[in-house]
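If you read the protein sequences in the order shown, they are chains A and B.
Residue 244 in the UniProt record's numbering sits at position 244 of the first sequence, and the numbers go up by one each step.
Residue 479 in the UniProt record's numbering sits at position 479 of the second sequence, and the numbers go up by one each step.
Backbone N, C-alpha and C define an ideal beta-carbon position, used for all residues, glycine too.
Here the structure is a predicted model, which means the values were calculated and not measured.
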Amino acid sequence: MSFMKDISLLVKNNFLSGIDVLSRRAAQITVEIQQGERTNYNKVLDLSSGDLHRGGIKPITFVRQVLAACFYPALLEDDSLPLDVKQRAKILLSECDGGSIGSYTDSSGIAKIKLCVSQYITRRDGGVPSSPDNIFIKSGSQTALMIMLKLLIRSKDSCQTGVLIPVPTYASFTLALEEQGAAIIPYHLCEEQGWTLHVEELRKALLTGRKTCNPVALYICNPGNPTGHIQSRKSIEEVIRFAAEERLFILADEVYQSCVYGDDTEFYSYKKVLSEMGSTISSTVELASFNSVSKGFMGECGLRGGYVELVNLDPAVREYAQRLFSTRSCPPVIGQIALDLMADPPKPGDPSFPTFSEEAQSIKNMICKNTGRIQEVFSELPGISCQPLKAGFFVFPCLHFPPKAIKWAKKRQMEPDMLYCLHLLEETGLHVRPGCEYGQRKDSHHIRLFVATQQDIMEDALQRLKTFHMRFMKEFS
Amino acid sequence: MSENGALPLRGKVLTVDTMNPNVKKVDYAVRGPIVQRAVQIEKELKEGVKKPFEEVIKANIGDAHAMGQRPITFFRQVMALCTYPQLLDDNKFPEDAKNRARRILQSCGGNSIGAYTSSQGIDCVRHDVANYIQRRDGGIPSDPDNIYLTTGASDGIVTILKLLTAGEGRTRTGVMISIPQYPLYSASLAELGAVQINYYLNEEKCWSLDISELQRSLQAAREHCNPRVLCIINPGNPTGQVQSRQCIEDVIRFAAKENLFLMADEVYQDNVYAEGCEFHSFKKVLFEMGPEYSSKLELASFHSTSKCYMGECGFRGGYLEVINMDPEVKAQLTKLVSVRLCPPVPGQALMDLVVNSPQPGEPSYQTFIKERTAVLSALAEKAKLTEEILNTVPGISCNPVQGAMYSFPRITLPERAINEAKAKGQAPDMFYCMKLLEETGICLVPGSGFGQREGTYHFRMTILPPTDKLKIMLNKLKEFHQKFTQQYS
Numbered sequence: 001m002s003f004m005k006d007i008s009l010l011v012k013n014n015f016l017s018g019i020d021v022l023s024r025r026a027a028q029i030t031v032e033i034q035q036g037e038r039t040n041y042n043k044v045l046d047l048s049s050g051d052l053h054r055g056g057i058k059p060i061t062f063v064r065q066v067l068a069a070c071f072y073p074a075l076l077e078d079d080s081l082p083l084d085v086k087q088r089a090k091i092l093l094s095e096c097d098g099g100s101i102g103s104y105t106d107s108s109g110i111a112k113i114k115l116c117v118s119q120y121i122t123r124r125d126g127g128v129p130s131s132p133d134n135i136f137i138k139s140g141s142q143t144a145l146m147i148m149l150k151l152l153i154r155s156k157d158s159c160q161t162g163v164l165i166p167v168p169t170y171a172s173f174t175l176a177l178e179e180q181g182a183a184i185i186p187y188h189l190c191e192e193q194g195w196t197l198h199v200e201e202l203r204k205a206l207l208t209g210r211k212t213c214n215p216v217a218l219y220i221c222n223p224g225n226p227t228g229h230i231q232s233r234k235s236i237e238e239v240i241r242f243a244a245e246e247r248l249f250i251l252a253d254e255v256y257q258s259c260v261y262g263d264d265t266e267f268y269s270y271k272k273v274l275s276e277m278g279s280t281i282s283s284t285v286e287l288a289s290f291n292s293v294s295k296g297f298m299g300e301c302g303l304r305g306g307y308v309e310l311v312n313l314d315p316a317v318r319e320y321a322q323r324l325f326s327t328r329s330c331p332p333v334i335g336q337i338a339l340d341l342m343a344d345p346p347k348p349g350d351p352s353f354p355t356f357s358e359e360a361q362s363i364k365n366m367i368c369k370n371t372g373r374i375q376e377v378f379s380e381l382p383g384i385s386c387q388p389l390k391a392g393f394f395v396f397p398c399l400h401f402p403p404k405a406i407k408w409a410k411k412r413q414m415e416p417d418m419l420y421c422l423h424l425l426e427e428t429g430l431h432v433r434p435g436c437e438y439g440q441r442k443d444s445h446h447i448r449l450f451v452a453t454q455q456d457i458m459e460d461a462l463q464r465l466k467t468f469h470m471r472f473m474k475e476f477s
Numbered sequence: 001m002s003e004n005g006a007l008p009l010r011g012k013v014l015t016v017d018t019m020n021p022n023v024k025k026v027d028y029a030v031r032g033p034i035v036q037r038a039v040q041i042e043k044e045l046k047e048g049v050k051k052p053f054e055e056v057i058k059a060n061i062g063d064a065h066a067m068g069q070r071p072i073t074f075f076r077q078v079m080a081l082c083t084y085p086q087l088l089d090d091n092k093f094p095e096d097a098k099n100r101a102r103r104i105l106q107s108c109g110g111n112s113i114g115a116y117t118s119s120q121g122i123d124c125v126r127h128d129v130a131n132y133i134q135r136r137d138g139g140i141p142s143d144p145d146n147i148y149l150t151t152g153a154s155d156g157i158v159t160i161l162k163l164l165t166a167g168e169g170r171t172r173t174g175v176m177i178s179i180p181q182y183p184l185y186s187a188s189l190a191e192l193g194a195v196q197i198n199y200y201l202n203e204e205k206c207w208s209l210d211i212s213e214l215q216r217s218l219q220a221a222r223e224h225c226n227p228r229v230l231c232i233i234n235p236g237n238p239t240g241q242v243q244s245r246q247c248i249e250d251v252i253r254f255a256a257k258e259n260l261f262l263m264a265d266e267v268y269q270d271n272v273y274a275e276g277c278e279f280h281s282f283k284k285v286l287f288e289m290g291p292e293y294s295s296k297l298e299l300a301s302f303h304s305t306s307k308c309y310m311g312e313c314g315f316r317g318g319y320l321e322v323i324n325m326d327p328e329v330k331a332q333l334t335k336l337v338s339v340r341l342c343p344p345v346p347g348q349a350l351m352d353l354v355v356n357s358p359q360p361g362e363p364s365y366q367t368f369i370k371e372r373t374a375v376l377s378a379l380a381e382k383a384k385l386t387e388e389i390l391n392t393v394p395g396i397s398c399n400p401v402q403g404a405m406y407s408f409p410r411i412t413l414p415e416r417a418i419n420e421a422k423a424k425g426q427a428p429d430m431f432y433c434m435k436l437l438e439e440t441g442i443c444l445v446p447g448s449g450f451g452q453r454e455g456t457y458h459f460r461m462t463i464l465p466p467t468d469k470l471k472i473m474l475n476k477l478k479e480f481h482q483k484f485t486q487q488y489s
């Protein structure tokens, strides 16, 4: 019927059909449950995506009050909203043309909000200056990342542009790279040492990559998704030095920067470390850092608010970057406002502070308790182990499948961890993602588990997993 | 490494020479240099610099709220309720608003607009959109599965263009776009490396579309690329023409005959003002032409929350509907949209309200209909006013503004002005618009940003400022034009 079969090759080469299978089955099962066709469990437990609210966590009150007042300014006349909420909403509305969040804004974001973000960055980095001119707000960090890729990747060249990416890496980023026509150069994180990044591995990957493509960028996810690791200061320095030596543009995805747990863990931004490394490096290494309102304790994934900060970008390129950022009119205004609230939350003394701080802290506590529980449960199970969670929203436990299980998967022509996840879903209603979607060392298998969920949900999930896993290991022993 | 261990200075990784060369061709006139100068002047005014005017009037961009248009109360109430559900207990909100909010929240993960949605968009919203389309098109069925919610219509348009751009050299995808056009198209085509194929709208005939012109442009394009797509903006931007039903049928026949994928940008579908003009959706006409066409022609239609009577540009809400798309291609489309996770949920929610607005009998209906009517009738009045006043200026000729939000008048420029502009390396209408900005504070977009026939000059001006301000602006423009003409004669 249609001549349209010959569509864009780049789009055609999209992959990861597994995504559809698992999610589709989960949706089908939900329908089956609603129609009363299932008795072994009464709902699907979805720990597949990094979505705080979907997992049952309530949004931050202050955030939602300000947003509501911005949507419907008549609320500013109301007594029900705290003073600091009203003040913030008024200030933000005055930054919008016509006093309405329905107006277009500057394509890189509202000036006042960019200023607020730059001040947040400066505070976070202990005084390292940040200019709003180097900040571009977009509808999610992913969008900003894709624009940077668009700048970097020369898809028409006979020699593909290469980007180094960690293994494991979250699936939609890999998709984005393929869509842009980039060559993916994988570098493995060291699972045994808590998913640390070893420069030797970067070096090895780069050497291999240079044989078949032109590597220009190094993508880092810190804190890591799905691994939950966080880089030490020393590790970051080593990576920056490597990028300087090998002439690579650093893309630092730091969206989990406020989800850090444990007394001995600290987040160091790539920008801060870079700034403290001597003028030759600090003034030359090109860096793009990404952050978003989707993670952290705000978890406002659906509002689509994110930004990129560019460091040491060639001034001539900046002009083009600006143009690319401005063809899509502007980022969603509500997402921009959420960014402002993330960058400048209630402070001690503000009327909303007590509630705000309690809500934020309880999410952190909850995640810590969850990971404690995970380790407890796993320690009693054969064939499953997990590196300690330092940051982020996920754990990436390793499954040690017996040979019989591997054979069974081979016969079904599916990755063992995918098959494991399908059966886990089918038999217990627990939906988690298989390691094969993220990349892993050959013959290793994992699942990714979302941990930022209410304690009773986590407990339910762990029980379902335990039951299934015991049965699974027994059957294939 | 040098002796003291310092690394040798190196050049940048990302330079103008090493970056993606397609980026160099990207230009977006609506927010280009004239707007940057306008922003600068605003700053200067704030700092107390004396100018021959007191404010900059930004009549360059189709932003209704920026020009003082009020949002629709009902929509904002529902959005507030969705955002802060505590308000559901507040008796200041009408019951119908609360019901809409509850329904939307139920379809969101964790009952929160902060959760990711499916990348194609919230299910119940897509169903509501399908129902709206069906009602609008006199009962012709619409499948929710063919509906994709998008981040504004722009996102949908670029996504489809991305899907359709393929081939190399002589087989590279060619995309037919009207001249004048909304520069999102030219910018996106440049970015994607697709071939832009221009077809000229007929200024003498009120910017209408001639099939013979489509034919000519297609024939010429076949020499150097593979034309596959035909883009139509109806009602038109910047021209404001509303295509007649006959014209739409002719275009459909043409696209079918020439095996072209039709992209129908219909974001101004409620903005129709002129007597005798009516919005006909491409889909409706297609299906009324019978299965010979409706079972074969591939069509994508686009809509948005930014225009019409809503003017909610900042929400980034929109949708696209695909008709007769090859299932394999559609599967690829679905994957393509999954890369950007999901469209902003407030935009999705707003789209739901637009397609499912208050009905007679509901508590909010009276206010809603009053507000909607006020906005649309004001626009109609301003469309007429603009055409009338501009046509009293010798050297300015303005076609009727049949729909959308802009006038695109033709201006006659004196030879000397044209030469001075060219000497400066500026397009003559840019030269004119810059002078206009400096002397009156009025910010317009030169026609060269949209495309126009060689040797003709235009500007695009929105009809959005409040009526009295619009009158003042038009009269200032009139004065300026006469002065300019005299100055350069």
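Quick check on K24(B) - is its C-beta less than 8 Å from some C-beta in chain A?
For K24(B), the answer is yes, since a Cβ of chain A falls inside 8 Å of its Cβ.
Identify whether T392(B) lies in helix, strand or coil by the three-state DSSP scheme.
If DSSP states are grouped into helix, strand and coil, T392(B) belongs with coil.
According to DSSP, is E437(B) part of a helix, a strand, or is it coil?
As written in the sequence, residue 437(B) is Leu, which differs from the Glu given in the question. Correct three-state label for L437(B): helix.
If you measure beta-carbon to beta-carbon, which residues of the stretch 135-159 of chain A are closer than 8 Å to chain B?
If the cut-off is 8 Å between Cβ atoms, the stretch 135-159 of chain A has S139, G140, Q142, T143, M146, K150, L151, L152, I153, R154, S155 and K156 near chain B.
Taking Cβ positions only, does T83(B) come closer than 8 Å to chain A?
So, interface residue.
Using a beta-carbon distance cut-off of less than 9 Å, what residues from the stretch 46-57 of chain A approach chain B?
Listed in sequence order: D46, S49, G50, D51, L52, H53, R54, G55, G56 and I57.
Would you mind telling me which residues of chain B sit closer than 9 Å to R176(A), beta carbon to beta carbon, in chain order?
Residue identity check: residue 176(A) is Ala in the sequence provided, not Arg. The answer, in chain order, is V339 and R340.
Pick from P346(A), S48(A), P351(A) and L218(A): whose alpha carbon is nearest that of L149(A)?
Nearest option by C-alpha distance: L218(A).
Label G311(B) either buried or exposed according to how many other C-beta atoms from any shown protein chain fall within 10 Å of its C-beta, with 16 as the threshold for buried.
G311(B) should be labelled buried.
Would you verify that the beta carbon of P466(B) is, or is not, closer than 8 Å to some beta carbon of chain A?
No, its Cβ sits nowhere closer than 8 Å to a Cβ of chain A.
Could you pull out every residue in the same chain whose Cβ sits closer than 7 Å to the Cβ of R441(A), ignoring the five residues on either side in sequence?
Excluding residues within five positions, the ones whose Cβ falls inside 7 Å are H188.
Please list, in chain order, the chain B residues whose beta carbon lies closer than 8 Å to that of Y72(A).
Correct list: R76, Q77, M79 and A80.
Touch check for the stretch 66-76 of chain A and the stretch 32-42 of chain B: three-plus C-beta pairs under 8 Å?
Output reads no: the stretch 32-42 of chain B does not touch the stretch 66-76 of chain A.
Helix, strand or coil, according to DSSP, for residue 513(B) in the structure here?
For residue 513(B) there is no data in the structure shown, the boundaries of chain B being 1 and 489.
Which residues in chain B have a C-beta closer than 8 Å to the C-beta of F249(A)? List them in chain order.
Within chain B, the residues near F249(A) are V13 and L14.
CA-CA distance, E415(A) and T453(A)?
Rounded to whole angstroms, E415(A) to T453(A) spans 28 Å at the Cα level.
Going by C-alpha to C-alpha distance, which of K162(B), I140(B) and T456(B) sits closest to I418(B)?
Selected option, being the one with the closest Cα: T456(B).
In whole angstroms, give me the CA-to-CA distance for Q106(B) and H445(A).
Taking the straight line joining both Cα atoms gives about 36 Å.
Using a Cβ-Cβ cut-off of 8 Å (strictly less than) and excluding sequence neighbours within five positions of F394(A), which residues of its own chain qualify?
G50, N225, P226, T227, G228, R448, L449, F450 and V451.
For R340(B), which option in P345(A), F468(A) and L177(A) has the closest C-alpha, if you only look at C-alpha atoms?
Ranking the options by Cα distance to R340(B), first place goes to L177(A).
Given this structure, state the Cα-to-Cα distance separating L67(A) from L184(B), to the nearest angstrom.
Straight-line Cα distance between these residues: approximately 30 Å.
Could you have a look at C443(B) and say whether DSSP puts it in helix, strand or coil?
Reduced to three states, the DSSP call for C443(B) is strand.
Considering just the uninterrupted stretch of the beta strand (DSSP E) at Y319(B), what are its terminal residues?
Element bounds for Y319(B): G318 to I323.
Return no unless some Cβ of chain A is closer than 8 Å to the Cβ of C313(B).
At least one chain A Cβ lies under 8 Å of C313(B).
For D344(A) versus Y120(A), is the C-beta distance shorter than 8 Å?
Against a cut-off of 8 Å, the Cβ pair of Y120(A) and D344(A) comes out as a contact.
Which first and last residues belong to the alpha helix (DSSP H) in which P235(B) is found?
Counting along the chain, P235(B) falls outside any alpha helix (DSSP H), and DSSP gives it neither H nor E.
Going by DSSP, what residue range makes up the beta strand (DSSP E) through T151(B)?
Segment: none, T151(B) is in no beta strand (DSSP E) and carries neither H nor E.
Residue 483(A) bridges to which residues according to DSSP?
Lying before the first or after the last residue shown, residue 483(A) is absent from chain A, which here runs from 1 to 477.
When the Cα atoms are used, what is the spatial distance from T15(B) to R247(A)?
In a straight line, the C-alpha of T15(B) is about 12 Å away from that of R247(A).
Roughly how many angstroms lie between the CA atoms of R416(B) and Y488(B), to the nearest whole one?
In a straight line, the C-alpha of R416(B) is about 6 Å away from that of Y488(B).
Using 8 Å as the limit for Cβ to Cβ distance, is C221(A) near chain B?
So no, C221(A) is outside the interface.
From the DSSP output, which residues share a beta bridge with P227(B)?
DSSP output for P227(B) lists G174(B) as bridge partner(s).
Run down chain B in chain order and give the residues with a C-beta less than 7 Å from the C-beta of R304(A).
Correct list: P344.
Would I472(B) count as contacting chain A if we go by Cβ distances under 8 Å?
I472(B) does not count as touching chain A.
Would you check if the distance between the CB atom of P397(A) and the CB atom of F476(A) is smaller than 8 Å?
Cβ atoms of P397(A) and F476(A): not closer than 8 Å.
Pick from F459(B), E438(B) and P446(B): whose alpha carbon is nearest that of E54(B)?
The shortest C-alpha separation from E54(B) is found at E438(B).
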